[in-house]
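Asker: One structure is given below, represented as structure tokens, and several questions about it will come after.
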Amino acid sequence: MKDLLHRYRHVWILGYAFIYIPWFIYLEKTVTNHYYIMHVALDDLIPFNEFFIIPYLLWFVYIAAAILFFFYTDVKDYYRLCTMLFTGMTISLVICTVFPNGTDFRPVIDPGKNICSDIVALLYSTDTCTNVFPSIHVYNSICVHIAVLHSERLKKYRSVKTVSLILMISISLATVFLKQHSAFDGLGSLVMAYVMYHFVYSDSFVPSREKVTEKAIS
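In terms of the working numbering, the sequence shown is residues 1 to 218.
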């Protein structure tokens, strides 16, 4: 057990969930009115499409699979991914705390139309239309794809990179086709990812807790 704990000691950073989840739930419960509406003209040109709920939900698998893959295979890339993910997520929470925001263009859903509409209706009933800027769905998807592109272990697997690219794009599109986010939310995520990329993937990056190499888990 002692050897196991030492081998996977980098699990500590996942404790960030105990910060993010309560903070996010607090915002969901308190930001209910008097918030800035995120809206641009492009939003009015994008039709609602319930079938985008499929890639939207695949986001959870995409993010979790990436974290687990790097957790077990490459500690340095794992730290880079988690640092980029969690820093951006924190910035998003700070923005939503000091600048309450949301949308107002969710359509009326007919749950009986098909199973996808039924799932979207459930999503709308459990997830508020607030705390949308920048979009965490878009930001995290970009972070994972960057990690995949930079992975030495995945360098030879072009199919993995292609699937990752398709997932990143489809998840990002899902946020606007499901009317969960304004296109401006996605743009904000893109800018934040661009800035964070230059910090996290610079040559000077060193994991905050310890210097690690692939040998640490081999």
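Glycine residues also receive a C-beta, built at the ideal position from the N, C-alpha and C atoms.
Because the structure is a prediction, the values reported are computed rather than measured.
Whose C-alpha, out of PHE69, ARG9, SER141, is nearest the C-alpha of SER151?
Answerer: The residue labelled residue 151 in the question sits at position 151 within the sequence shown. Ranking the options by Cα distance to SER151, first place goes to PHE69.
Asker: Report yes if the C-beta distance between ASP203 and ARG153 is below 8 Å; otherwise report no.
Answerer: Along the sequence shown, one-based indexing puts residue 203 at 203. Along the sequence shown, one-based indexing puts residue 153 at 153. No, they are not a contact pair.
Asker: Helix, strand or coil: which one does DSSP assign to LEU5?
Answerer: Along the sequence shown, read from residue 1 onward, the residue named residue 5 stands at position 5. Of the three classes helix, strand and coil, the one that applies to LEU5 here is helix, per DSSP.
Asker: Indicate the three-state DSSP secondary structure (helix, strand or coil) for GLY112 in the structure shown.
Answerer: The residue labelled residue 112 in the question sits at position 112 within the sequence shown. It is coil, neither helix nor strand.
Asker: Among the residues of its own chain, which have a CB less than 8 Å from the CB of PHE48, if the five just before and after it don't count?
Answerer: Indexing the sequence shown from 1 puts residue 48 at position 48. The residues are PRO107, PHE177, LEU178, LYS179.
Asker: Is the region 42-62 close to the region 114-127, with three or more CB pairs under 8 Å?
Answerer: Enough Cβ pairs lie closer than 8 Å, so yes.
Asker: The alpha helix (DSSP H) that contains VAL163, what's its start and end?
Answerer: Mapped onto the sequence shown, residue 163 falls at position 163. 158-177 is the extent of the alpha helix (DSSP H) around VAL163.
Asker: Tell me whether ARG158 is buried or exposed, calling it buried when 16 or more other Cβ atoms sit within 10 Å of its Cβ.
Answerer: One-based indexing of the sequence shown puts residue 158 at position 158. Result: exposed.
Asker: Which term fits GLU214, buried or exposed, when burial requires 16 or more other beta carbons within 10 angstroms of its beta carbon?
Answerer: The residue given as residue 214 occupies position 214 in the sequence shown. With a pLDDT of 43 at GLU214, under the threshold of 50, the modelled position of this residue cannot be trusted, and the question is left open.
Asker: By how many angstroms is the C-alpha of TYR35 removed from the C-alpha of ILE25?
Answerer: Walking along the sequence shown from the start, residue 25 turns up at place 25. Walking along the sequence shown from the start, residue 35 turns up at place 35. Between ILE25 and TYR35, the C-alpha separation is close to 16 Å.
Asker: Taking DSSP as the reference, what is the three-state secondary structure of THR30?
Answerer: Position 30 of the sequence shown, counting from 1, holds the residue named residue 30. THR30 falls in the helix class under three-state DSSP.
Asker: Based on the DSSP output, what are the partners of GLY304 in its beta bridges?
Answerer: Examination of residue 304 is not possible in this model, given that the chain is present from 1 through 218 alone.
Asker: Compute the Euclidean distance between the alpha carbons of CYS143 and ASP104, then round it to the nearest angstrom.
Answerer: To locate residue 143, count along the sequence shown from 1; it is residue 143. To locate residue 104, count along the sequence shown from 1; it is residue 104. Going from the Cα of CYS143 to the Cα of ASP104 covers about 28 Å.
Asker: Pick out whichever of SER172, TYR8, MET192 has its Cα sitting closest to the Cα of TYR79.
Answerer: In the sequence shown, the residue the question calls residue 79 occupies position 79. The option with the nearest alpha carbon to TYR79 is TYR8.
Asker: Within 10 angstroms of the Cβ of ASN114, are there 16 or more other Cβ atoms? Answer buried if so, exposed if not.
Answerer: The residue labelled residue 114 in the question sits at position 114 within the sequence shown. Flag for ASN114 reads exposed.
Asker: What residues in its chain sit with their C-beta under 6 Å from that of ALA174, if we drop five residues either side in the sequence?
Answerer: Looking up residue 174 in the sequence shown gives position 174. The residues are PHE52, PRO55, TYR56.
Asker: To the nearest whole angstrom, what separates the beta carbons of GLY88 and MET192, a pair I think is in contact under 8 Å?
Answerer: To locate residue 88, count along the sequence shown from 1; it is residue 88. To locate residue 192, count along the sequence shown from 1; it is residue 192. Right, their Cβ atoms sit about 5 Å apart.
Asker: Leaving out five residues before and five after MET38 in sequence, what residues of the same chain have Cβ atoms less than 8 Å from its Cβ?
Answerer: Locating residue 38 in the sequence shown gives position 38, where the first residue counts as 1. ASN101, GLY102, THR103, VAL132, PHE133, HIS181, SER182, PHE184, ASP185, listed in sequence order.
Asker: Looking only at C-alpha atoms, which of LEU187, VAL195, VAL200 sits nearest to ASP43?
Answerer: To locate residue 43, count along the sequence shown from 1; it is residue 43. The option with the nearest alpha carbon to ASP43 is LEU187.
Asker: Do you know whose CA, among ILE171, SER164, SER189, TRP12, lies nearest CYS82's CA?
Answerer: As a working mapping, residue 82 is identified with position 82 in the sequence shown. Nearest of ILE171, SER164, SER189, TRP12 to CYS82, Cα basis: TRP12.
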